[in-house]
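So the sequence shown is residues 1 to 1138, counted in this note's numbering. Only one structure is covered here, and it is reproduced in the block below.
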Amino acid sequence: MAKMEVKTSLLDDMIGVGDMVLLEPLNEDSFINNLKKRFDHNEVYTYIGSVVISINPYRSLPIYTPEKVEEYRNRNFYELSPHIFALSDEAYRSLRDQDKDQCILITGESGAGKTEASKLVMSYVAAVCGKGAEVNQVKEQLLQSNPVLEAFGNAKTVRNDNSSRFGKYMDIEFDFKGDPLGGVISNYLLEKSRVVKQPRGERNFHIFYQILSGASEEFLCKLKLERDFSRYNYLGLDSARVNGVDDASNFRTVRNAMQIVGFMDHETQSVFEVVAAVLKLGNIEFKPESRANGLDESKIKDKNELKEICELTGIDQSVLERAFSFRTVEAKQEKVSTTLNVAQAYYARDALAKNLYSRLFSWLVTRINESIKAQTKVRKKVMGVLDIYGFEIFENADNSFEQFIINYCNEKLQQIFIELTLKEEQEEYIREGIEWTHIEYFNNAIICDLIENNQTGILAMLDEECLRPGTVTDETFLEKLNQVCATHQHFESRMSKCSRFLNDTSLPHSCFRIQHYAGKVMYQVEGFVDKNNDLLYRDLSQAMWKANHSLIKALFPEGNPAKINLKRPPTAGSQFKASVATLMKNLQTKNPNYIRCIKPNDKKAAHIFNEALVCHQIRYLGLLENVRVRRAGYAFRQPYEPCLERYKMLCKQTWPHWRGPARAGVEVLFNELGIPEEEFSFGRSKIFIRNPRTLFKLEDLRKQRLEDLATLIEKIYRGWKCRTRFLLMKKCQVVIASWYRRYSQQKKYQKIKSSAITVQSYIRGWKARKLLRELKHLKRCNEAATVIAAYWHGTQARRELRRLKDEARNKHAIAVIWAFWLGYKARRELKRLKEEARRKHAVAVIWAFWLGLKVRREYRKFFRANAGRKIYEFTLQRLMQKYFLEMKNKMPSLSPIDKNWPARPYLFLDSTHKELKRIFHLWRCKKYRDQFTDQQKLIYEEKLEASELFKDKKALYPASVGQPFQGAYLEISENPKYKKLKDAVDEKIIIAEVVNKINRANGKAASRIFLLTKNNVLLADQKSGTIKSEVPLGDVTKVSMSSQNDGFFAVHLKEGSEAASKGDFLLSSDHLIEMATKLYRTTLSQTKQKLNIEISDEFLVQFKQDKVCVKFIQGSQKNGNIPTCKRKNNRLLEVAVP
């Protein structure tokens, strides 16, 4: 049953017909009506077989969500309603699973939505391919290359607000698993003439307007630009602003995309400097002057613009000024210098601007390719996406050389589309064993030959005209066309045979007309020769090469005098012809997938379907021919398995299960239904149905059969439901009856039980009272016996106590008498011993004096002269020895903070005592320091630095002494929330803390992440991790704070620095002492200069152009002990500190 739920949405509940191959009847009106019907119901995609028709809705539709991506992922192409995701998935799975290189060709008019279609294809492929850090980085770089190329290569035209003015072909490379490895971008013919001139109602390239709208004032000042569009001659003012386009936001997107793709900061700066130089080139104006020899020359009117250009590009002003005034022609060994008149000078200026921008764009493409190219050498699978300019037909003969080249490219794409479509159809018939029938269609090879033939083609004649000597003008080129192409059936001019007998006054003399596959286009021949030549004077090339600007120098390698090449460079037409040939060869090696884009109206408005405009596009895109090719043999084909699964209920033999092969089941099914044999054919793996009516008949039968099956299912379900309800009611009745019987018996049992308990209670009460009376009598008897016994025992105890007391008194008297006697004897013996001791001591003293007298008499003659000194030294030595031995036992602990020290025993040791105390303190400090690790030493050094900076100056300092300096409070490397911030900061983070940034407008605080690295101070958003400000340490001049117990501090920045554009920072932190100390030490380490720490209750803070006084006062707080900041006036912020 699960398989029955799968819908083939091309047939089930489809609005109109999802696949034009099934359209019946097939004609132009029914084709357009079907598209309109689907467009009106927001169905902008329709199939022609495997080709997707996309109609630009000119509004956002909810059909590109991640849920839609998952819905179309790994699904059959025809399984769901038509969508660009279905084609993208089919191409990706063919590349991944079948190892077939793919290409997606997106064609259509300008404004038909080709660029958006290519973005959708790339975003879908990025969403469904593999995951992983490296894969995601590659996908992000591939996707972010689009905003960069669109900014530099797209412009607003009368038909499209984001028209691609260049052709882009991207080869996305995948590995064997289908994960993207990289990509290669090829660009074709940037419309560089738009740089110097735009038609009315159109704009220059987006990047010019984005810089002027989105860059900061400081950045514009570096580029020497002003925000006013009217200041620049190269910018058209009538369409400078576009509704719904935010140039400022797009500029930020472009800068972010360049960073993601891999542009370095100096490369981005160089690119914008070149863009600014191109913009300012248009402001250079010339005035005529006459020389003495009568020749006209030109001079620059105002040299200020030239000076600023030279400062941007690093070119010597005199060199560039001479290149605008003179032209040097080299022939063999001779050089001839000629002056340029005003017209030639303007031509040279515009040629330089066009070449500078065109080469910059090519350099951007090359630089992006270097970043996104595959890094491995393994074999790669390739998916190409072609987004190239659409067919262009302007009115009033405004079609020029650019439109001619664009339409030539579209002719080649139409040619390969017809060839590959027919080839695909033929290959499928051969593969399935079906007979192939030749299809008649218009082959535009004759038009391609008219343009690209090497002998008589228009491009060949244009090159020949540009290279021939003599006077060459656009008129001579037109005359040559009239001579060679006059008889060609697709070429018309005033002199051609095809228009000789036509009364067509709409064809001017300076125009020719080509019958393209999309219709007739009239080209204005003016400018063909110059645009094809695309000459840049050698003097200008050499001036650019002499620039000190590395990028500009690299853009003009031919300006190197050592590499002068006198050979004429190839023309623009021949270069584009070769590029188109390479592209066609590349496309023919891949499996094609087509998206044909259609523009519903010229007003770029939603809900408007212009049938005439759509009809014109259907004709020149050849969509009806494509449908006829698809259904010429068989209009519908489907593999046997899904066909049998869908229609098996129409035959009793195949319903509900077919046990044999799927093909045999389909044969049985079709024979049972009686479908004529000429209406279908059996291929090797598919059933082919010739006429859509047969398919619709099968659908009608299936619909009727499904209704019958639904009725049967409903009948069975109703019977089952009724039976189930009856059984449930029966079961409920049984349950209710059983519960009632149980309830009745319970009530009867409770009544009997209650009566029995009452009788029992009366009997138990009578027995208990009887027993109580007996127990009370027994208790009184026992108590009486106990009282009598107690009195008797008391009498006996008192008698015994009196006897014992008498005996104890007698024993105590004897002990006292004996103690007195022993004391008397002891005192008599002690007195005797004292007398004896005194006698012995007197004898010893007398004997010692006698021996001393004898010694002094005997040796008086030997040491009478120095006896005093020796006795003094001996005494002093003994005293010192005693002093040190006592000190050994009285030494204090080894803690450096222990202030205890033994008292001085002798006055003459006072200085020694103090010195010994000092030496011991130094020694135990050294022992204590030797235990420290390098990290602990650094912490104590920071603590010592903080003491020197804030002790007795800042009231907050004592509370910070006991707090260790941690630095990284946020653990940015561990917290996935700050992954983006971690990736943005390459240096080691010294401190990471959440601070409050004070708003200068109202004094309110906003949370920011404060980061201090080796070279920078950064402020980032706490929620998103986006870096808001980045300040080099060299730009920090001073830190100011109050002397009170608060965490407010101001970081003052160097005036004129880039970081000081928005003014100083006023911040508040719970770790002020630590942050100020680390900022002071880091600045001293990097800049070798001490950071000024100002501690004052009033200081000035610079906010942009204003200076605001920050004043700290004492006051009671509503918020407890939290300081608050309030804005008093434009010049005063008041901080109330508790």
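Heads up, the beta-carbon is just placed ideally off N, CA and C, and yes, glycines get one too. Just so we're clear, the structure is a prediction, and the values are computed from it rather than from any experiment.
The segment 718–725 contacting the segment 462–474, beta-carbon criterion three pairs below 8 Å:
no
Residue ranges of each alpha helix (DSSP H) run of no fewer than 4 residues wholly in the segment 241–305, ordered along the chain?
247–261, 265–281
Best match in Phe908, Ser895, Leu916, Pro896 for proximity to proline 902 [C-alpha to C-alpha]
Among Phe908, Ser895, Leu916, Pro896, the Cα nearest to that of proline 902 belongs to Leu916.
When the Cα atoms are used, what is the spatial distance from glycine 967 to serine 973?
13 Å
So what's proline 508 in DSSP terms, helix, strand or just coil?
Looking at proline 508 - three-state DSSP - the assignment turns out to be coil, as it is neither helix nor strand.
DSSP three-state call for glutamate 226: helix, strand or coil?
coil
Contacts around tyrosine 647, its chain only, beta-carbon distance under 7 Å, and the 5 residues preceding and following it disregarded
Leu669, Leu698, Arg702
Looking only at C-alpha atoms, which of Asn250, Gln588, Asn782, Ser325 sits nearest to aspartate 287?
Before going further, note that residue 287 is lysine rather than aspartate in the sequence given. Nearest C-alpha to lysine 287 among Asn250, Gln588, Asn782, Ser325: Ser325.
Buried or exposed by the 16-neighbour rule on C-beta atoms within 10 Å, applied to tyrosine 389
buried
Would you kindly work out how many angstroms separate the C-alpha atoms of tyrosine 347 and leucine 540, rounded to a whole number?
12 Å
Exposed or buried, which one is serine 895 when buried takes at least 16 other CB atoms within 10 Å?
exposed
Residue(s) in a DSSP beta bridge with tyrosine 389
Per DSSP, none; premise fails for tyrosine 389.
So what does DSSP say about threonine 912, is it helix, strand or coil?
Here threonine 912 sits in helix by DSSP.
Can you find the residues in the same chain that come closer than 6 Å, C-beta to C-beta, to arginine 663, ignoring five residues on each side of it along the sequence?
Tyr640
For lysine 652 and alanine 86, the rounded distance between their alpha carbons
Answer to the nearest angstrom: the Cα atoms are 35 Å apart.
Nearest-angstrom beta carbon gap, cysteine 1125 and leucine 1132 [assumed within contact, 8 Å]:
Not confirmed; about 11 Å, so no contact.
Can you tell me where the beta strand (DSSP E) holding glycine 153 begins and where it ends?
Segment 133–153 is the alpha helix (DSSP H) holding glycine 153; no beta strand (DSSP E) there.
What do you reckon, are the CB atoms on lysine 412 and cysteine 466 nearer than 8 Å?
no
Which of helix, strand or coil does DSSP assign to valine 961?
helix
Nearest candidate by alpha-carbon position, reference histidine 1052, set Ile1027, Thr1082, Leu1100, Leu223:
In terms of CA proximity to histidine 1052, Leu1100 leads the group Ile1027, Thr1082, Leu1100, Leu223.
Helix, strand or coil for serine 1029 per DSSP?
strand
Which ranges would you report for the beta strand (DSSP E) in the segment 646–689 if only whole runs of at least 3 residues count?
Taking only runs of at least 3 residues, the beta strand (DSSP E) segments lying wholly in the segment 646–689 are 680–682, 686–689.
Rounded to whole angstroms, what's the CA-CA distance from aspartate 934 to tyrosine 940? Just pull it up for me.
10 Å
Segment limits, alpha helix (DSSP H) that includes proline 592:
Run containing proline 592: none in the alpha helix (DSSP H); it sits in the beta strand (DSSP E), 591–598.
Element boundaries [beta strand (DSSP E), containing histidine 41]:
Careful: histidine 41 lies outside any beta strand (DSSP E) and carries neither H nor E.
Just to confirm the assignment, what range does the beta strand (DSSP E) spanning lysine 997 have?
989–998
Hey, is the segment 510–520 in contact with the segment 618–627, meaning 3+ C-beta pairs nearer than 8 Å?
Taking a contact to require three or more Cβ pairs closer than 8 Å, the segment 510–520 and the segment 618–627 qualify as touching.
Report all residues from its chain with a CB closer than 7 Å to the CB of glutamate 140; omit the five preceding and five following residues, and keep chain order.
Ile260
Option nearest alanine 486 by Cα separation, candidates Phe512, Pro508, Leu462:
Phe512
What residues match up with glycine 183 in a beta bridge as DSSP calls it?
Beta-bridge pairing links glycine 183 to Ile172.
Reference arginine 630, options Met14, Lys870, Gly16, Leu23, closest by Cα:
Leu23
Please return the same chain residues whose Cβ sits closer than 7 Å to the Cβ of serine 110, not counting the five positions on each side in sequence.
Thr157, Arg159, Asn160, Ser163, Tyr389, Gly390, Glu392
Is it buried or exposed for alanine 117, if we count other Cβ within 10 angstroms and need 16 for buried?
With 16 or more other Cβ atoms within 10 Å, it is buried.
So for glutamate 526, helix, strand or coil by DSSP?
coil
Measure the Cβ-Cβ separation of valine 271 and leucine 360 and say whether it is below 8 Å.
yes
Identify the residues that DSSP records as bridge partners of proline 639: which are they?
Lys686
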